[in-house]
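Asker: I'd like to ask some things about the structure below.
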Amino acid sequence: MTQPVAWTPEMEVGGGRTIDRFDRILGSIERFTAIASGIFIFILMLVGVSQILGRKLFNMPIFGYIDAVEMSIAVFAFLAIAYCERVNGHVRMELFVGKLKGKPLWLAEAAGQVLGLFVLAVLIYFGWDHAMRAYEYGDSTIDAQIPWWPSKMLIPFAFGMLFLRLALNLVGYVRLFLHSHAEPIAVPLIADVRELAKEEAAEAGVIADDEDGTERRTGA
Numbered sequence: 120m121t122q123p124v125a126w127t128p129e130m131e132v133g134g135g136r137t138i139d140r141f142d143r144i145l146g147s148i149e150r151f152t153a154i155a156s157g158i159f160i161f162i163l164m165l166v167g168v169s170q171i172l173g174r175k176l177f178n179m180p181i182f183g184y185i186d187a188v189e190m191s192i193a194v195f196a197f198l199a200i201a202y203c204e205r206v207n208g209h210v211r212m213e214l215f216v217g218k219l220k221g222k223p224l225w226l227a228e229a230a231g232q233v234l235g236l237f238v239l240a241v242l243i244y245f246g247w248d249h250a251m252r253a254y255e256y257g258d259s260t261i262d263a264q265i266p267w268w269p270s271k272m273l274i275p276f277a278f279g280m281l282f283l284r285l286a287l288n289l290v291g292y293v294r295l296f297l298h299s300h301a302e303p304i305a306v307p308l309i310a311d312v313r314e315l316a317k318e319e320a321a322e323a324g325v326i327a328d329d330e331d332g333t334e335r336r337t338g339a
């Protein structure tokens, strides 16, 4: 969430300022990891183009390219996962939660965060154990003999970031459950389908708002 312009009693109740401060600190780290993931994907695309051109035109493929691609999967599959949770960019399948309002909704969301924290704790434990085993045994790729442990170590790190995000979400949902009149802070909210479609259409340039607030199509 962005920093509020003016704090109201609904925002400050239940430690809203403290939660928002932690949200902004954690959000800056998540933004950095997301940017790093995007830059890495862009570099990988350039390397892929170089691999294709070098192989087709000069019969000189990049040595270890396949191994590097296998190792890089952890970067663009997991590194930005906490940022995706922060901006509510993941896909939610809601059958019952979307119909809830007020305290039942916050309680259901908090229960979901607890379940997610448990699953992540298990994944972090076994992910770390698997990475350390690869480090101790010197596990490496078949072709270029690149060590596997840095890529495998990235997975528990990314899950650790997501664990912190879900823990902060849990605090935010508990705050809303205890203080029903509080303003939501540091929690992903259920997006309205119509509003979400309008936002995506506006980002794609399909519709635009006129000065009087009415919507119009920008294309043919």
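Numbering (our numbering), first residue to last: 120 to 339. Even for Gly, the Cβ is constructed at its ideal location relative to N, Cα and C.
1) Since Arg284 contacts Glu204 with CB under 8 Å, what's their CB separation in whole angstroms?
2) Let me check one thing: in DSSP terms, what residues is Ser259 bridge-paired to?
3) Expressed to the nearest angstrom, what Euclidean distance is found between the alpha-carbon atoms of Asp139 and Gly257?
4) What whole-angstrom Cβ distance do Ala250 and Met272 have, given they're in contact under 8 Å?
5) With burial defined as no fewer than 16 other Cβ atoms inside 10 Å of the residue's Cβ, what is the status of Gly291: buried or exposed?
6) Shortest alpha-carbon distance to Glu213 belongs to which of Leu198, Gly231, Trp247?
7) Taking C-alpha atoms, which residue in Met164, Leu198, Tyr202 lies nearest to Ile185?
8) Taking just the CA atoms, how far does Pro128 sit from Ile243?
9) With a cut-off of 8 Å, do at least 3 Cβ pairs link the region 263 to 277 to the region 232 to 240?
10) Mark Leu176 as exposed unless 16 or more other C-beta atoms lie within 10 angstroms of its C-beta, in which case mark it buried.
11) For Ala240, which three-state DSSP category applies?
12) Around the Cβ of Ile200, are there at least 16 other Cβ atoms within 10 angstroms (buried) or fewer (exposed)?
13) Within the same chain, show all residues whose beta-carbon is closer than 8 Å to that of Thr152, passing over the 5 residues directly before and after it, in chain order.
14) Tell me which residue opens and which closes the alpha helix (DSSP H) that Gly214 is part of.
15) According to DSSP, simplified to helix, strand and coil, what is His249?
16) I'd like to know whether the C-beta atoms of His298 and Gly133 end up nearer to each other than 8 Å.
17) Cα separation between Leu289 and Ile192?
18) In its own chain, which residues sit with a C-beta less than 6 Å from the C-beta of Glu149, not counting the 5 before and 5 after it?
Answerer: By the coordinates alone:
1) 5 Å
2) Pro266
3) 43 Å
4) 4 Å
5) buried
6) Gly231
7) Met164
8) 38 Å
9) no
10) exposed
11) helix
12) buried
13) Leu198, Ala199, Ala201, Tyr202, Ala277, Met280
14) First, the residue type needs correcting, since residue 214 is Leu and not Gly in the sequence shown. Per DSSP, Leu214 belongs to no alpha helix (DSSP H) and is neither H nor E.
15) helix
16) yes
17) 29 Å
18) Ala201, Tyr202, Arg205
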